[in-house]
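The opening position of the sequence shown corresponds to residue 245 in the working numbering, with each subsequent residue numbered one higher.
Let me begin by presenting the structure, written as structure tokens, before commenting on it.
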Amino acid sequence: MIYPSFPGSKRADVFFPLLHLALHGAIPAVTARLAFREIWLQAWLIMMLTMVVDLDHVLASPVYDPGRCSINFHPLHSYPAIGVYVLLLFLPQLRIIGIGLLLHMGLDLMDCIV
Ligand SMILES: [Zn+2]
Numbered sequence: 245m246i247y248p249s250f251p252g253s254k255r256a257d258v259f260f261p262l263l264h265l266a267l268h269g270a271i272p273a274v275t276a277r278l279a280f281r282e283i284w285l286q287a288w289l290i291m292m293l294t295m296v297v298d299l300d301h302v303l304a305s306p307v308y309d310p311g312r313c314s315i316n317f318h319p320l321h322s323y324p325a326i327g328v329y330v331l332l333l334f335l336p337q338l339r340i341i342g343i344g345l346l347l348h349m350g351l352d353l354m355d356c357i358v
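Spelled out as structure tokens, the structure:
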């Protein structure tokens, strides 16, 4: 059984990134099931596609740094970009994309706090 014994341990180095990745799939799935019952699978797939915002990581060096806070570091994770994602909530055709992006930012923000 793999679980963190305490922060900073080798297990935590593996566990938390995997948990983070799992939550990026699970939280949109739960949201889609609750908010878009009739089209939950379609909504979940659209929200999963919003993960492409992580492509802005290729602009950073190193591309992946487990200790780095993505929020307001990468361009598509910046406060102005997040403001645009909030505006998407007001456009019915783009609302699911906005929700997916904001869930993504919220999950990334957890990395900044923990
Ligand atoms: Zn991200």
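For every residue, glycine included, the Cβ atom is placed at its ideal position computed from N, Cα and C.
Between residue 341 and residue 283 the beta-carbon gap is near 14 Å, outside 8 Å, which marks them as no contact. Residue 286 has its alpha-carbon roughly 31 Å from the corresponding atom of residue 357. If you look at residue 286, you'll find it in the alpha helix (DSSP H) that goes 284 to 293. Between residue 288 and residue 272, the C-beta spacing is below 8 Å. Ligand 1 has a heavy atom closer than 7 Å to the beta-carbon of residue 297. Boundaries of the alpha helix (DSSP H) around residue 348: 339 to 357. Just so you know, the alpha carbons of residue 276 and residue 351 end up roughly 16 Å apart. Separation of residue 314 and residue 321 (C-alpha to C-alpha, rounded to the nearest whole angstrom) is 6 Å. For the 8 Å CB-CB criterion, residue 316 and residue 323 form a contact.
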